[in-house]
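Undergrad:
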Amino acid sequence: MTAISTAIGLERRSRVSGYKIKKGFFDQETPNRPQIIAVFGEANEANQSGLSVTAKEITSAQEAGEEYGYGSPIHQIMRILRPISGSGVGGIPTIIFPQISDVGATKTTIEITVTGTATKNATHNLVIGGRSGIDFQNYDFSVVTDDDASAIGDKIADAVNSVLGSPMVAINAIGVVTLTSKWEGATSAELNAYIDTGSEAAGIVYAETDKVDGAGAVDLAASFSQFGDTWYTTCINSYGTAQLDAFEQFNGVPDPDNPTGRWVGEIFKPFVALFGSVLDDKDDLVAITDLAARVDQVTNVLCAAPKSLGLAFEAAANACTVYARIAQDTPHLDVNNKSYPDMPVPADGVIGDMSDYNNRDFLLKKGCSTVTLDKGAYKFQDFVTTYHPDGEVPLQYAYVRNLNLDGNIAFGYQILEEITVKDHVLVLDSQVTDANKSVKPKQWKAVLFSYFDDMAIRALIKDPEFSKDSLLVEINATNPDRFDTFFRYRRTGVARIESTDVEAGF
83 MTAISTAIGL ERRSRVSGYK IKKGFFDQET PNRPQIIAVF GEANEANQSG
133 LSVTAKEITS AQEAGEEYGY GSPIHQIMRI LRPISGSGVG GIPTIIFPQI
183 SDVGATKTTI EITVTGTATK NATHNLVIGG RSGIDFQNYD FSVVTDDDAS
233 AIGDKIADAV NSVLGSPMVA INAIGVVTLT SKWEGATSAE LNAYIDTGSE
283 AAGIVYAETD KVDGAGAVDL AASFSQFGDT WYTTCINSYG TAQLDAFEQF
333 NGVPDPDNPT GRWVGEIFKP FVALFGSVLD DKDDLVAITD LAARVDQVTN
383 VLCAAPKSLG LAFEAAANAC TVYARIAQDT PHLDVNNKSY PDMPVPADGV
433 IGDMSDYNNR DFLLKKGCST VTLDKGAYKF QDFVTTYHPD GEVPLQYAYV
483 RNLNLDGNIA FGYQILEEIT VKDHVLVLDS QVTDANKSVK PKQWKAVLFS
533 YFDDMAIRAL IKDPEFSKDS LLVEINATNP DRFDTFFRYR RTGVARIEST
583 DVEAGF
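Structural data, given as structure tokens:
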């Protein structure tokens, strides 16, 4: 018979007393899967020299600015995830995977020419990337009567350079102001700028007279190689469509016969990769999500901000800020009708094709997320991956919420497996034993029965009896060191469509 205490070794004989403590897991309820956000982005040119590409947890936008440069893509993403005011993603870890700019990469430059002499005093405002300022520092400047183009150009340059988080710097040459991105690469080409004169131009005319788009790609291999055994749940892809293939290849697919990438059984730590888009034409959007090679992919999620003058990766950061907290705290829910917290919207309130329900329905069926514009903010309508194979009803891996639900079920299962099964001695159901750290198939089944009930209570699955009826557990017939388990579960759905018919009469 096995001793119930080993605080003192069984071989001891001399008088002694002992006490030992070990971890106890008496409550078989499992926590929600912890969310971890991986941010892929570039540092400013000034921060590229000696840049470490080792992943690093960053806890504030200020820290991101100091490490990778204020105004860099990384800083701009972090100021949305972790804003100066508000909690953002809160305690969810944000891990930065910085990329080194391509050799030969170039910056974006925008030339604004000032003409005229001020006829009266006025306040004008430079708008960069749809923003009149960053983190309570504005680009406004005063125009004073008799100011000439050169004097006003100096004021514009000073206004830009005084905003720490600006994505651009400026110089003036006799009324010709040149704005230059702080980082190199193709993402800088999305930058735009104009002068808002409000209701008083004061005799001054501003015109964009030249723009040279930045160029240059990056390599993500060094970043992917650092994922290891950590379960990064959401990636922010600041490079957009240029890197969709790379994220898909690394993450893989959940094929029933041959899963790949992070979906492989020995790993099973898949993620979703969010990328932004400011496109507003439905045909341009489906040209991205409806590619033949993308239809069966479950990785990339287009985060829409149609007609925004903001940078596309800001849309991804906004979507992540909302989604990550819901995925962490209430994984049974979705982001439906939640607002983006900090994304520039078109001044005229027109967002193009997504304003029409028929177009949103069309886009959803092509693997494209959708939004509306309401009360000055973009609102989630559908949040999906590009997965939309013909004939599959309902789509199994389309909604990001459902993938997070699957991840939660796997996470909880793995915890219970670690406690109850892994490295335990396998004994038959009919066998009598009191050996420590042993498990029978029926004992594991009992644990999983409770787990199914818990998942149902948390509204992650419906019909726990269906799961219980499907459960199979056995010691493998040919390998005595192998313990096999199979079960099915039915995910809960979300009321995305409400349809009611009534009949009235006398």
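If you want the working numbering, it's the position in the sequence shown, counting the first as 1, plus 82.
Glycine is no exception: its CB is placed at the ideal position from the N, C-alpha and C atoms.
Please report how far the alpha carbon of Ile253 lies from the alpha carbon of Ser263, in whole angstroms.
TA: On the sequence shown, position 171 is the one that residue 253 refers to. On the sequence shown, position 181 is the one that residue 263 refers to. Roughly 12 Å separates the two Cα atoms.
Undergrad: How do the region 284-299 and the region 173-180 stand: do at least 3 beta-carbon pairs fall below 8 Å, yes or no?
TA: Touching, no, given that fewer than three Cβ pairs across the two stretches are closer than 8 Å.
Undergrad: Under 8 Å by Cβ, that's how I've got Thr381 and Phe329 pegged, so tell me the actual separation to the nearest angstrom.
TA: By 1-based counting over the sequence shown, the position of residue 381 is 299. By 1-based counting over the sequence shown, the position of residue 329 is 247. Correct: roughly 5 Å between the Cβ atoms.
Undergrad: Please report how far the alpha carbon of Asp240 lies from the alpha carbon of Gln463, in whole angstroms.
TA: Here residue 240 is taken as the residue at index 158 of the sequence shown, counted from 1. Here residue 463 is taken as the residue at index 381 of the sequence shown, counted from 1. Cα to Cα, Asp240 sits roughly 41 Å from Gln463.
Undergrad: Who are the near neighbours of Ala187 in its chain, counting only those whose CB is closer than 6 Å to its CB and skipping five residues on each side?
TA: Taking the first residue of the sequence shown as 1, we reach residue 187 at position 105. These residues qualify, in order along the chain: Glu266, Gly267 and Gly298.
Undergrad: Assuming Ile276 is part of the beta strand (DSSP E), what are its boundary residues?
TA: Within the sequence shown, residue 276 is the residue found at index 194, counting from 1. The sequence given here has Tyr at residue 276, not Ile. Per DSSP, Tyr276 belongs to the beta strand (DSSP E) from Ala275 to Asp278.
Undergrad: Quick one: measure Cβ to Cβ for Ala120 and Tyr314, integer angstroms, because I've assumed they're closer than 8 Å.
TA: Sequence index remark: in the sequence shown, residue 120 carries index 38 (1-based). Sequence index remark: in the sequence shown, residue 314 carries index 232 (1-based). So it is a contact: roughly 4 Å between Cβ atoms.
Undergrad: As an exercise, report each continuous alpha helix (DSSP H) stretch of at least 4 residues that is fully enclosed by the region 488-563, in chain order.
TA: If we require 4 residues or more, the alpha helix (DSSP H) runs fully inside the region 488-563 come out as 523-539 and 546-552.
Undergrad: When we look at the beta-carbon of Glu124 and count the other beta-carbons within 10 Å, is it buried (16 or more) or exposed?
TA: In the sequence shown, counting from the first residue as 1, residue 124 sits at position 42. Answer is buried; the Cβ neighbour count reaches 16.
Undergrad: Can you find the residues in the same chain that come closer than 7 Å, C-beta to C-beta, to Lys550, ignoring five residues on each side of it along the sequence?
TA: Mapped onto the sequence shown, residue 550 falls at position 468. Within the same chain, Lys550 has close Cβ partners Phe531 and Phe534.
Undergrad: Following the continuous alpha helix (DSSP H) through Lys447, name the residue where it begins and the one where it ends.
TA: If you number the sequence shown from 1, residue 447 lands on position 365. First-last of the alpha helix (DSSP H) with Lys447: Tyr439 to Lys447.
Undergrad: For Val608 versus Asp416, is the C-beta spacing smaller than 8 Å?
TA: Not covered by the structure: residue 608. The range shown for the chain is 83 to 588.
Undergrad: Apart from the five residues on each side of it in sequence, which residues of its chain come closer than 8 Å, Cβ to Cβ, to Pro471?
TA: The residue labelled residue 471 in the question sits at position 389 within the sequence shown. Only Val377, Asp378 and Leu477 meet the Cβ criterion.
Undergrad: Work out the CA separation of Pro428 and Gly494 for me, nearest whole Å.
TA: By one-based count along the sequence shown, residue 494 stands at place 412. By one-based count along the sequence shown, residue 428 stands at place 346. Between Gly494 and Pro428, the C-alpha separation is close to 43 Å.
Undergrad: Take the Cβ of Phe56 as the centre, count every other Cβ of all protein chains shown within 10 Å, and call the residue buried at 16 or more, exposed below.
TA: Since the first and last residues shown for the chain are 83 and 588, residue 56 lies out of range.
Undergrad: Nearest by alpha-carbon distance to Lys102: which of Glu93, Ala89 and Asn114 is it?
TA: Locating residue 102 in the sequence shown gives position 20, counting from the first residue. It is Ala89.
Undergrad: Terminal residues of the continuous alpha helix (DSSP H) containing Ala398?
TA: For the purposes of this step, residue 398 is taken as the residue at position 316 of the sequence shown. Per DSSP, Ala398 belongs to the alpha helix (DSSP H) from Ala394 to Asp411.
Undergrad: Taking the alpha-carbon of Ala284 as reference, which of Tyr221, Gly198, Arg573 and Arg344 has the nearest alpha-carbon?
TA: Locating residue 284 in the sequence shown gives position 202, where the first residue counts as 1. Of the listed residues, the one whose Cα sits closest to Ala284 is Gly198.
Undergrad: From Gly91 to Lys524, what distance separates their C-alpha atoms?
TA: Residue mapping note: residue 91 aligns to position 9 of the sequence shown, counting from 1. Residue mapping note: residue 524 aligns to position 442 of the sequence shown, counting from 1. Computed Cα separation, rounded: 32 Å.
Undergrad: Among all the DSSP beta bridges, which residues are the ones paired with Ala386?
TA: Position 304 of the sequence shown, counted from the start, is the residue given in the question as residue 386. The partner list for Ala386 (beta bridge, DSSP) reads Ser359.
Undergrad: Once you ignore the five residues that flank Ile192 on each side, which residues in its own chain have a CB closer than 6 Å to its CB?
TA: The residue labelled residue 192 in the question sits at position 110 within the sequence shown. The answer, listed in chain order, is Leu261, Ala275 and Lys293.
Undergrad: Roughly how many whole angstroms lie between the Cα atoms of Gly458 and Gly431?
TA: As a first step, residue 458 is located in the sequence shown; it is residue number 376 there, counting from the start. As a first step, residue 431 is located in the sequence shown; it is residue number 349 there, counting from the start. The straight-line gap from Cα to Cα measures roughly 8 Å.
Undergrad: Closer than 8 Å is the cut-off here; do at least three beta carbon pairs connect the region 383-396 with the region 444-461?
TA: The region 383-396 is in contact with the region 444-461.
Undergrad: Which class does Arg161 belong to by DSSP, given the choice of helix, strand or coil?
TA: Here residue 161 corresponds to residue number 79 of the sequence shown, with the count starting at 1. Arg161 falls in the helix class under three-state DSSP.
Undergrad: For Ser359, which residues of its own chain have a beta-carbon under 6 Å away from its beta-carbon, when the five flanking residues on both sides are left out?
TA: Working through the sequence shown from its first residue, we reach residue 359 at position 277. These residues qualify, in order along the chain: Leu384, Ala386 and Ala394.
Undergrad: Leaving out the 5 sequence neighbours to the left and right, which residues in its chain are closer than 7 Å to Phe350 when beta-carbon positions are compared?
TA: Taking the sequence shown and counting its residues from 1, one reaches residue 350 at position 268. Ala492.
Undergrad: Between the C-alpha atoms of Arg483 and Tyr571, what's the straight-line distance to the nearest angstrom?
TA: Position 401 of the sequence shown holds residue 483. Position 489 of the sequence shown holds residue 571. Arg483 and Tyr571: Cα-Cα distance of roughly 16 Å.
Undergrad: Would you give the residue range spanned by the beta strand (DSSP E) that Ser263 belongs to?
TA: Residue numbering aside, residue 263 sits at position 181 when the sequence shown is read from its first letter. Unbroken beta strand (DSSP E) run through Ser263: Val258 to Ser263.
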